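Under mature numbering (1 follows the signal peptide of the UniProt record, and there is no 0), the residues of the sequence shown are numbered -21 to -1, 1 to 310, in order. Glycine included, every Cβ here is placed at the ideal spot set by N, Cα and C. These numbers were taken from a predicted model, which means no experiment stands behind them.
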Amino acid sequence: MLKHCCVVLSGWILLAATAWGEEVVVYSARNEQLIKPVFDAYTKKTGVKVKYVTGEAGALMQRLKAEGAKTQADLLITVDAGNLWFSKQESLLQPVKSAVLEQNIPAHLRDGEGQWFGMSVRARTIVYNKNKVQPSDLSTYQALTDAKWKGRLCLLSGKKVYNRSLVAMLIAQYGAAATKEMVKGWVANLAAPPFASDEQALKALAAGQCDAAIANSYYLGRELKHHSDWPLNIFWADQASGGTHVNISGVGLTRHAKHAKAAQELMEWMSGAEAQALFANVNMEFPANAAVAPAPEVAAWGTFKQSTVDLNKVGELQPDAVKLMDEAGYK
C-alpha cells in the first residue's frame, strides 16, 4: 500500500512515498503541480517511487553543495540554462552517457558532456497587442530599439534570470558592444518602468499601457487560457537571422546519486513521448523532444527557428549580462 506524507522542515516541503521497489530522490526547482503528474505516471508505469523536495533553484543548489556526498538527491531539476551551467561548474552533477537521451533531446538543448538535459522549452520572444500592432511591424529584438517604439515597450526587470539569459544569448550572438546598444534602445523605448513579472507585463500590454513586450511564451499561453479576450499574440523574433532565444527546464544526475541507474532510467523516460507531453502541456511549454507535439494552444502559434547558441555559453555569460544591463540603465 502506497503511503504519502508531507513534512515541513526548515522551509522545505518534502513529499515522500514509501512502498516496495526502487526509489529515486529528486530536488526540483519546478513546483509540485508541474512535476507531480510526471512522477505519478512514472510510478504507475514502473513501480519506482519518486520522492521530491521542491524549493528555489539557488537554495537547492546550495543545499546540494552543502550536503556533498551525504546528499540523498539523485536528480536535480531546475529552470534556466544558467542554473544548470552553475550546477555543472560547482561539480554538483555527473555525466550521463545515454543513447536514449541523445536521440530524444537535440544537441543545442543538452550539455555536450552529458551533465544536463533539457526537458521542456520556453521561447523568450515578442508579444504584441493586436489592436495596435501588425505582424509586419515586427522583425527582431534589435528592431525594438527603433524610435517608432518610443513609449510603447513593456519589459520584465533586468534583475530576473530570464532576461539575464536573453542578454547573455545576445552577447554570444552579436557581441557585447552591439548588445549594449540594443539594451539601451529598449530602455529608451519603455512605456513604464520594468515589471516584476512577465504576468504583470502582459497584463499591462493587454490593457493598452504598451504595444509590445518581450516575455516567455508559456506566460502568454497561461494568460490566454484564463483571459481569452485579451488581444495578444506572439511573434517569433530573429527568424531571418540567429533565431528566437529559447531556454529550458532541465535535469541532471547528481554527483553523489545513491540510485544512479534508477535515476538515469527516470531521465530517459522523461525524455520520451508520454512524459514530454505531460511536462510541456501542464505549463504551456514546448517539449524538448521535437518528435512530441506541444499542446494545441501552443501548436497554434506555428513552428519557429530556435537560436542554437550553446546554453552553457548562456550560463557562462550571465555575469557579463548583469554588468552590461547595469551599464545600459536596465533596472
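Cβ pair residue i, residue j closer than 8 Å
| i | j | result |
| --- | --- | --- |
| L63 | G229 | yes |
| V293 | S136 | no |
| V5 | I84 | no |
| A254 | A20 | yes |
| S66 | M40 | yes |
| S206 | A48 | Before going on, a small fix: residue 206 reads as His here, not Ser. No; because the gap between Cβ atoms is not below 8 Å, this pair is not in contact. |
| L184 | V106 | yes |
| T104 | T22 | no |
| E46 | H238 | no |
| D90 | N291 | yes |
| Q73 | L232 | yes |
| Q297 | G221 | no |
| F265 | L117 | no |
| D299 | A155 | yes |
| A241 | V27 | yes |
Same chain only: Cβ atoms within 7 Å of residue i, ignoring 5 sequence neighbours per side
| i | result |
| --- | --- |
| V162 | V146, L303, M304, A307, Y309 |
| R201 | M263 |
| V301 | R143 |
| E247 | S77, V79, L80 |
| V112 | D190, A191 |
| T158 | V146, L149, I150, L303 |
| V166 | A307, G308, Y309 |
Neighbourhood of residue i by C-beta distance below 8 Å, restricted to the same chain and skipping five residues each side
| i | result |
| --- | --- |
| N110 | G187, P210 |
| G37 | N62 |
| A270 | N83, A252 |
Residue of the options minimising C-alpha distance to residue i
| i | options | result |
| --- | --- | --- |
| G251 | K240, L80, A239 | L80 |
| L134 | W128, L117, A194 | A194 |
| A34 | G26, L43, V75 | As written in the sequence, residue 34 is Gly, which differs from the Ala given in the question. Among G26, L43, V75, the Cα nearest to that of G34 is on L43. |
| P172 | I150, C189, G93 | C189 |
| E244 | L54, N142, K129, D59 | L54 |
| E276 | V166, S196, A157 | S196 |
| F258 | K15, E2, V3 | K15 |
| A216 | N291, L232, P114 | P114 |
| M249 | K24, L117, K127 | K24 |
| N212 | Y31, N108, Q179, N260 | N108 |
| Q121 | S77, L149, K138, R103 | L149 |
| L198 | A239, A241, Y141 | Correcting the residue identity first, residue 198 is Tyr in this sequence and not Leu. When each option's Cα is compared against that of Y198, the closest is Y141. |
| T119 | W128, Q51, Q218 | Q218 |
| residue 318 | P298, A278, V261, Q285 | Given a span of -21 to 310 for the chain in the structure shown, any question on residue 318 remains unanswerable. |
| V32 | A8, K127, V17 | A8 |
| E295 | T50, V29, Q68 | Q68 |
Same chain, Cβ closer than 6 Å to residue i, neighbours up to 5 away in sequence not counted
| i | result |
| --- | --- |
| L169 | L132 |
| G164 | T124 |
| T287 | H87 |
| K129 | N168 |
| K284 | Q218, G222 |
Whole beta strand (DSSP E) runs in the region 273 to 304 with 3 or more residues, listed along the chain? Fully enclosed beta strand (DSSP E) runs of 3 or longer: not present.
Do the region 96 to 110 and the region 226 to 241 meet, that is, are 3 or more Cβ pairs less than 8 Å apart? Enough Cβ pairs lie closer than 8 Å, so yes.
Quick one: complete beta strand (DSSP E) runs, 3+ long, within the region 43 to 70? Runs of the beta strand (DSSP E) inside the region 43 to 70: 54 to 58.
May I have a chain-ordered list of the alpha helix (DSSP H) segments no shorter than 4 residues that lie completely inside the region 217 to 251? List check, alpha helix (DSSP H) in window: 239 to 249.
Just list the alpha helix (DSSP H) runs in the region 123 to 148, keeping only unbroken ones of 4 residues or longer that don't cross its boundaries, in chain order. For the alpha helix (DSSP H) assignment, the region 123 to 148 encloses no uninterrupted run of at least 4 residues.
Note down, one range per segment and in chain order, each alpha helix (DSSP H) of at least 4 residues found wholly within the region 185 to 210. Listed in chain order, they are 196 to 205.
Every unbroken alpha helix (DSSP H) within the region 10 to 49, with a cutoff of 4 residues, ordered by chain: You should have 11 to 25, 36 to 46.
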